[in-house]
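Okay, so here's the structure we're looking at.
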Amino acid sequence: MEFEQAIKELEEIIKKLEDEQTTLDQGIQLFEKANELIKLCEKKLKDAKVKIAVLKGDEDENI
Amino acid sequence: MEDNSISVTQFCTYIKQIFDAEEFLHGTSIYGEVSGFNLIRGNAYFTLKDNFSALQCVYFGYNNLPLEDGEKIIVVGSPNFYAKTGKLSFNVIRLSLIGKGELYFQFLMLKSKLEKEGLFDSARKRNLPKNIKKIGVVTSKEGAVLQDIINVATRRNPFVEIVVYPARVQGKNAQNTIIKGINQLNKTDVDVIIVARGGGSAEDLACFNDEQLARTVFNSDKVIVSAVGHEVDFTIIDFVADVRASTPSVAAEFVTNDVMDYYNKIIDKKSILFSKISYQINKKAFELDGLSTQAIKNFEQIIKYQNFKLSNISQTLNKNIFQLMKQNENKIESLSTLVEKLNPNAMLNRGYAKIEQDGVSVNSSKKINNNCFDIIFKDGKIKAKKV
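First to last, the sequence lines map onto chains P and E.
Just so it is clear: in the first sequence, position 41 is 40 by numbering that gives the first Met the number 0, and no numbers are missing.
Just so it is clear: in the second sequence, position 278 is 277 by numbering that gives the first Met the number 0, and no numbers are missing.
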């Protein structure tokens, strides 16, 4: 799952948790899912590296 | 008529000859403000003036944008006296705006031309793609611009990829390297292309006012974001690009979703998550507690009731037993009375006597088989003999 997708799901979970219709059992399940997502996000952030590719330009060439 | 008088034509021709002969007046450079600019059939007519004087000017074959009143310009040309009308006019052969110069004129001219062609139409401008993952950047690899873009973009979205085409962004033919960069990045899988340069003089930014560059941007398959110079600087590429950013950093902001900001907000909400859950748990626990209290209460009542019931039962039982016992007692008593009554010895008290022979009661005279038997009284016995 991608980072942004994980955050979106987290947001959904929070919405559900804020919903008073959510039962305790559902809440606990959602909460566990949220913790998994947070762990996933933290791992992804930890592993993130700046990815920069430099093409062969002609900045230095005589034109 | 005076003998030395001359005709109007003679006079005017003389004046004209004087003006034409005066070398100082030819190729003169004059500065002033424009007033009443009028463009008729390719010729420009206007007045050049300052606070105290005014000069009628004409520019034959003017091919630039109309000038507005109050614009400060420098004109180069020669005075021309029209004998026919007796009026002096300054024939302009060159014109430039004070402080902006020729480059600005070229810029305005190109802008007007491309605008007419529809290159700047807002209807054809595309929105930035959603979820940009790869950003193409055409700029110099020297200087702060590229670093700013990388910093801003990766700070906002650490997962974004950046593909850089190092291009020359000022000087002669710089536009050609920028054009190459745009074309090259169009062949890659970048989602968007930023064409960027830091601030600079009008001359420095001139390469972004190039017609071919404008057409390359216009024809680009990928969405183009221009970020040239500072906020106040506008170049042709800014008008053609799909999106204009006031600075390179702003361009980097435009093309990246601030996922870190989003993430941090969500993580902040994590505490709400915790409190929410613990609240629910507490609430349930409270409810459970309430239930258990109730259950205990109920249980107590049950016990109480049971005890009560038991005690009733036991009381009843006791009572019953007592009654039973009482009854039995009564029964026993009456039985014992009866037994007492039936006690043969009791008969002796009432004056009866009992006959026994050899220790056994005898209830018939015929059963006395020998002569001796015992007569038993209540207080003793006597021996008797059958006669």
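From the three backbone atoms N, C-alpha and C, an ideal C-beta is built for every residue, glycine too.
When you compare the CB of residue i with every CB in chain P, is at least one pair closer than 8 Å?
i: valine 221/E; result: One point to set straight first is that residue 221/E is lysine, not valine, in the sequence displayed. Chain P, which has no Cβ nearer than 8 Å to the Cβ of lysine 221/E, makes this no.
i: arginine 167/E; result: yes
i: isoleucine 181/E; result: no
i: valine 163/E; result: yes
i: asparagine 317/E; result: The predicted model places asparagine 317/E with a pLDDT of 48, which falls under 50 and marks its position as unreliable; any figure quoted below should be read in that light. Not one chain P Cβ lies under 8 Å of asparagine 317/E.
i: isoleucine 265/E; result: yes
i: tyrosine 262/E; result: yes
i: isoleucine 312/E; result: With a pLDDT of 45 at isoleucine 312/E, under the threshold of 50, the modelled position of that residue is not reliable, and no figure is offered here.
If you measure from the beta carbon of residue i to each beta carbon in chain E, is any gap under 8 Å?
i: lysine 50/P; result: yes
i: glutamate 10/P; result: yes
i: glutamate 3/P; result: yes
i: glutamate 35/P; result: no
Can you pull the chain P neighbours of residue i, defined as C-beta to C-beta under 8 Å?
i: glutamate 160/E; result: Lys50, Ile51, Ala52
i: asparagine 185/E; result: Neighbours of asparagine 185/E on chain P: none; closest Cβ ~12 Å, over 8 Å.
i: serine 139/E; result: Glu58
What does a CB cutoff of less than 6 Å around residue i pick up in its chain, not counting 5 residues either side in sequence?
i: valine 239/E; result: Leu118, Ala213, Val216, Phe217
i: glutamate 70/E; result: Val33
i: phenylalanine 36/E; result: Phe45, Pro65, Leu66
i: glycine 76/E; result: Phe89, Asn90, Val91, Ile92
i: glutamate 348/E; result: A quick correction: the sequence has asparagine, not glutamate, at residue 348/E. Around asparagine 348/E: Lys377.
i: serine 245/E; result: Glu230
Between residue i and the rest of its own chain, which residues show a CB-CB distance below 8 Å, the 5 nearest in sequence each way excluded?
i: arginine 155/E; result: Ala251, Glu252, Thr255, Asn256, Asp257, Val258, Met259, Asp260
i: leucine 334/E; result: Per-residue confidence for leucine 334/E stands at a pLDDT of 48, beneath the threshold of 50, marking its modelled position as unreliable; the derived number appears in the next sentence. Around leucine 334/E: no qualifying Cβ.
i: glutamate 160/E; result: Lys132, Lys133, Ile134
i: glycine 85/E; result: Val7, Cys11
i: glycine 379/E; result: none
i: isoleucine 72/E; result: Tyr30, Gly31, Glu32, Val33, Leu47, Leu66, Leu94, Ser95, Leu96, Ile97
i: asparagine 62/E; result: Gly41, Met108
Between which two residues does the alpha helix (DSSP H) holding residue i run?
i: proline 214/E; result: Looking at the sequence provided, one finds arginine at residue 214/E rather than proline. It spans 210–218 - the alpha helix (DSSP H) in which arginine 214/E sits, taken as one unbroken run.
i: valine 249/E; result: 247–254
i: glycine 180/E; result: 173–185
i: lysine 15/P; result: 2–17
i: isoleucine 51/P; result: Taken as a continuous stretch (DSSP letters only), isoleucine 51/P belongs to no alpha helix (DSSP H), being part of the beta strand (DSSP E) at 50–53.
i: alanine 226/E; result: Unbroken run through alanine 226/E is the beta strand (DSSP E), 222–227; no alpha helix (DSSP H).
i: isoleucine 236/E; result: 235–239
i: phenylalanine 17/E; result: Note on identity: in this sequence residue 17/E is isoleucine, with phenylalanine being the wrong assignment. Where isoleucine 17/E is concerned, the enclosing alpha helix (DSSP H) stretches over 7–20.
Starting from residue i, find everything on chain P with Cβ-Cβ shorter than 7 Å and list it in chain order.
i: threonine 153/E; result: Val49
i: lysine 269/E; result: Ile37
Near residue i, what residues of its chain come up, given a Cβ to Cβ distance below 7 Å and the 5 sequence neighbours on each side ignored?
i: isoleucine 331/E; result: Because the pLDDT at isoleucine 331/E is just 48, under 50, the model does not fix this residue reliably, and the value given afterwards should be weighed accordingly. If we look at isoleucine 331/E and ignore the five residues flanking it on each side, it has no Cβ neighbours.
i: valine 151/E; result: Ser248, Ala251, Glu252
i: valine 144/E; result: Thr138, Ala195, Arg196, Gly197, Pro247
i: lysine 124/E; result: Asp241
i: alanine 33/P; result: Leu9, Ile12
i: lysine 15/P; result: Thr21, Leu29
i: glutamine 169/E; result: Gly199, Asp203, Cys206
i: glycine 24/E; result: The displayed chain sequence assigns leucine, not glycine, to residue 24/E. Contacts found: Phe18, Ser77, Pro78.
i: lysine 43/P; result: Phe2
Quick one: list the residues of chain E neighbouring residue i, beta-carbon separation under 7 Å, in chain order.
i: leucine 44/P; result: Pro157
What residue range does the beta strand (DSSP E) around residue i cover?
i: lysine 32/P; result: Here lysine 32/P belongs to no beta strand (DSSP E); instead the alpha helix (DSSP H) covers 23–46.
i: cysteine 371/E; result: 371–376
i: phenylalanine 119/E; result: Premise fails: phenylalanine 119/E is in no beta strand (DSSP E) and is neither H nor E.
i: valine 361/E; result: Looking at the DSSP string, valine 361/E is not in any beta strand (DSSP E), and its letter there is neither H nor E.
i: leucine 38/E; result: 27–39
i: isoleucine 354/E; result: 353–356
i: alanine 195/E; result: 191–196
i: lysine 124/E; result: Lysine 124/E -> no beta strand (DSSP E), and no H or E assigned at all.
i: alanine 383/E; result: 379–384
If you measure from the beta carbon of residue i to each beta carbon in chain B, is any gap under 8 Å?
i: tyrosine 164/E; result: This model lacks chain B altogether; the protein chains it does include are P and E.
Residue i versus chain P: which residues are under 9 Å apart at the beta carbon?
i: isoleucine 149/E; result: Val49, Ile51
i: valine 258/E; result: Phe2, Glu3, Ile6
Inset, instruction - Quick one: which unbroken beta strand (DSSP E) runs of 3-plus residues sit fully inside the stretch 127–165 of chain E? Chain order, please. - result: The beta strand (DSSP E) runs of length 3 or more contained entirely in the stretch 127–165 of chain E are, from start to end of the chain, 133–138, 160–165.
Legend entry - Within the stretch 49–121 of chain E, ranges of the beta strand (DSSP E) (whole runs, at least 3 residues): For the stretch 49–121 of chain E, whole beta strand (DSSP E) runs of length 3 or above, ordered along the chain, are 53–58, 71–81, 86–96.
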